[in-house]
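Novice: For the sequence shown, counting from 1, position 169 maps to 169 in full-length UniProt numbering; every step adds exactly one. Take a look at the following structure, please.
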Amino acid sequence: MQGGVFRSCQLFLILVLLLCPSRPVWGLQYKQYLHFQVLSPGDIQYIFTTTPAKDFGGIFNQRYDQIHLVPADPLEACGELNNGAFIQGEIALVERGGCSFLSKTRVIQEHGGLAVIIADNAADNDSRYVDMINDNSGRTADIPALFLLGRDGYMIQRSLEQHGLPWAIISIPVNISSIPTFELKQPPWTYW
Numbered sequence: 001m002q003g004g005v006f007r008s009c010q011l012f013l014i015l016v017l018l019l020c021p022s023r024p025v026w027g028l029q030y031k032q033y034l035h036f037q038v039l040s041p042g043d044i045q046y047i048f049t050t051t052p053a054k055d056f057g058g059i060f061n062q063r064y065d066q067i068h069l070v071p072a073d074p075l076e077a078c079g080e081l082n083n084g085a086f087i088q089g090e091i092a093l094v095e096r097g098g099c100s101f102l103s104k105t106r107v108i109q110e111h112g113g114l115a116v117i118i119a120d121n122a123a124d125n126d127s128r129y130v131d132m133i134n135d136n137s138g139r140t141a142d143i144p145a146l147f148l149l150g151r152d153g154y155m156i157q158r159s160l161e162q163h164g165l166p167w168a169i170i171s172i173p174v175n176i177s178s179i180p181t182f183e184l185k186q187p188p189w190t191y192w
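In structure tokens, the structure reads:
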């Protein structure tokens, strides 16, 4: 009897090891949404939706209650940044175009950014998410890279310009499953 129980336990452990991933997977994965909320400036205090890069960058597995979202200068972030010192230890907002998604992510990483949010360069895009893929250059990036709809990126940048602010203050990630639907502060221009 004891041999049968022992053998059953062995088979169970082998099954568990075969069915479980080879390494633990924490945080946001590809094709999942990550939400963040702008806390300041007040006129753009909405919850925004992003998606992670498909096959590069780190996994977003830390919460930041109040962190700066700093627009890169230049916004395309394809080379040296004029405001790189402000990006260190913060999250950068960059715009699609000019170079690969991976190149942008590496530029922000080299300036000490904790993550990068890449907004579509089509300011009228309020519903189509883009799969951010590796550029096959053999390079890697360790920080998370997130894609933001163009309309959302445009509205955040416009608000910062109108207020003369160098950055927004955000909370990221925001768990919207714990927020009642009627309390969700969704951007009025975005379909949810």
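By construction, the Cβ of each residue, glycine as well, lies at the ideal position given by its N, Cα and C atoms. Only a predicted model underlies this, so the values are computations on that prediction, with no experimental measurement involved.
Taking the alpha carbon of A168 as the reference point, which residue from A119, P71, G58, L34 has its own alpha carbon closest?
Specialist: P71
Novice: Taking all protein chains shown into account, decide if Y33 is buried (16 or more other Cβ within 10 angstroms of its Cβ) or exposed.
Specialist: exposed
Novice: Which one or two residues does DSSP pair with F145 in a beta bridge?
Specialist: Reading off the sequence, residue 145 comes out as Ala, not Phe. Answer is V116, bridged to A145.
Novice: Counting along the chain, where does the beta strand (DSSP E) carrying H35 start and finish?
Specialist: 34-40
Novice: So what's L171 in DSSP terms, helix, strand or just coil?
Specialist: The amino acid at residue 171 is misidentified as Leu; the sequence shows Ser. In this structure, DSSP gives S171 an extended state, which the three-state scheme calls strand.
Novice: When the Cα atoms are used, what is the spatial distance from L81 to Q88?
Specialist: 11 Å
Novice: Give a yes or no on whether the C-beta atoms belonging to A53 and F101 are separated by under 8 Å.
Specialist: yes
Novice: Could you please give the first and the last residue of the uninterrupted alpha helix (DSSP H) stretch that includes I108?
Specialist: Where I108 is concerned, the enclosing alpha helix (DSSP H) stretches over 101-110.
Novice: Apart from the five residues on each side of it in sequence, which residues of its chain come closer than 8 Å, Cβ to Cβ, to Y129?
Specialist: T51, F147, L149
Novice: Roughly how many whole angstroms lie between the Cα atoms of A115 and R96?
Specialist: 15 Å
Novice: Determine which residues share a DSSP beta bridge with T140 and list them.
Specialist: Bridge partners of T140: none, in fact.
Novice: Just list the residues that DSSP pairs P71 with in beta bridges.
Specialist: P71 is bridged to L93.
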